[in-house]
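Undergrad: Please see the structure below; I have some questions.
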Amino acid sequence: MQDDNRIIEFEIAGYNSQIFISVRNSYDMESIINQKQKFITTKEDKLNHGIGLENVRRTVKKYDGDMGISQENERFIVTINI
14 MQDDNRIIEF
24 EIAGYNSQIF
34 ISVRNSYDME
44 SIINQKQKFI
54 TTKEDKLNHG
64 IGLENVRRTV
74 KKYDGDMGIS
84 QENERFIVTI
94 NI
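This is the structure in structure tokens:
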């Protein structure tokens, strides 16, 4: 993706004992493949790419949280509620 089109937006809010996190990241439509809420990188260096979301998913699960992944308007959106 061209540098002038890249953007990352974070939203973090707390309420009572819960934390809500939303991350919106621009992406090249061809750079990821969705396989049942698992996204696989198409970058050549797969050993060093594509491990971040699974690490986050494991951590959220460890603390009994919820994680959702969606796509909207060329944005890749991850929402977490812990």
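In terms of this note's numbering, the sequence shown opens at residue 14 and continues consecutively.
We put the CB at the ideal spot given by N, CA and C, even for glycine.
Please classify Phe23: is it buried, with 16 or more other beta-carbons within 10 angstroms of its beta-carbon, or exposed?
TA: exposed
Undergrad: Is it buried or exposed, Ile93, if we count other Cβ atoms within 10 angstroms and call 16 or more buried?
TA: buried
Undergrad: Run through DSSP, which three-state label would Asn86 get?
TA: coil
Undergrad: Where does the unbroken beta strand (DSSP E) through Gly27 begin, and where does it stop?
TA: Ile21 to Tyr28
Undergrad: CB Ser35 to CB Arg19, shorter than 7 Å?
TA: no
Undergrad: Pick helix, strand or coil for Gly81, following the three-state DSSP scheme.
TA: strand
Undergrad: Can you tell me where the alpha helix (DSSP H) with Asn68 in it begins and where it stops?
TA: Gly65 to Lys75
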